[in-house]
Amino acid sequence: MIKKLNDLSKLRQELRMWQEYKRVVHQKSLEKGRTDKTAQEFVRSEEKVDEIIGKIQKTINECLDVISNMDDPVIRQACYYKWVENKNWIQVGIKLNTSDEAIRARVRRYLKRTG
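In structure tokens:
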């Protein structure tokens with residue numbers, strides 16, 4: 012579970028990258044002077060990118076489900092700040108009015124206990 016959560020910020024970055032790529036491909040497909048064959052290639056590219064985006068979004072949603080189903084509200088908030096908002100442990104501690112070491116240890120124990 013911890014690996015999945017650690018990958019969350021990377022997945023969100025990758026999602027933004029593919030969304031930008033899709034936007035560029037779409038813009039190029041609309042440029043004048045494109046043949047039907049070229050336009051079809053752009054459409055196929057967009058479809059492939061949509062598949063990739065869908066897979067990434069599914070994984071992100073799984074991570075968000077894991078966080079939202081945590082039974083401890085403090086742990087849930089800490090995990091949200093850490094992995095969804097991509098805050099460091101010092102920032103998480105400040106948000107939760109505790110030390111970074113204390114919240115990090117508490118999250119680590121929780122994740123170890125729950126698998």
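The opening residue of the sequence shown carries number 12 in my numbering; numbering runs sequentially from there.
The beta carbon of each residue, even a glycine, is placed where N, CA and C say it ideally should be.
Being a predicted model, the structure only gives us computed values, none of them experimental.
Among the options, whose alpha-carbon lies nearest the alpha-carbon of residue i?
i: Ile-105; options: Ala-89, Asp-18, Lys-69; result: Ala-89
i: Leu-122; options: Gln-51, Arg-55, Asn-80; result: Asn-80
i: Arg-34; options: Arg-117, Val-60, Leu-22, Asn-108; result: Val-60
i: Lys-21; options: Asn-97, Arg-117, Ala-113, Arg-120; result: Asn-97
i: Arg-87; options: Glu-52, Lys-66, Lys-48, Val-118; result: Val-118
i: Leu-19; options: Gln-102, Asp-76, Ser-56; result: Asp-76
i: Ile-134; options: Gln-30, Ser-110, Asn-108, Arg-124; result: With the chain covering only 12 through 126, there is no way to say anything about residue 134.
Should residue i go down as buried or exposed, given a rule of 16 or more other Cβ atoms within 10 Å for buried?
i: Leu-41; result: exposed
i: Val-54; result: exposed
i: Ile-13; result: exposed
i: Lys-93; result: buried
i: Ile-101; result: exposed
| message | Under 8 Å, with one C-beta from each stretch per pair, do the segment 66 to 75 and the segment 17 to 28 reach the 3-pair mark? | response | yes
| field | 4-residue-minimum alpha helix (DSSP H) runs that sit fully inside the segment 51 to 85, ordered along the chain | value | none
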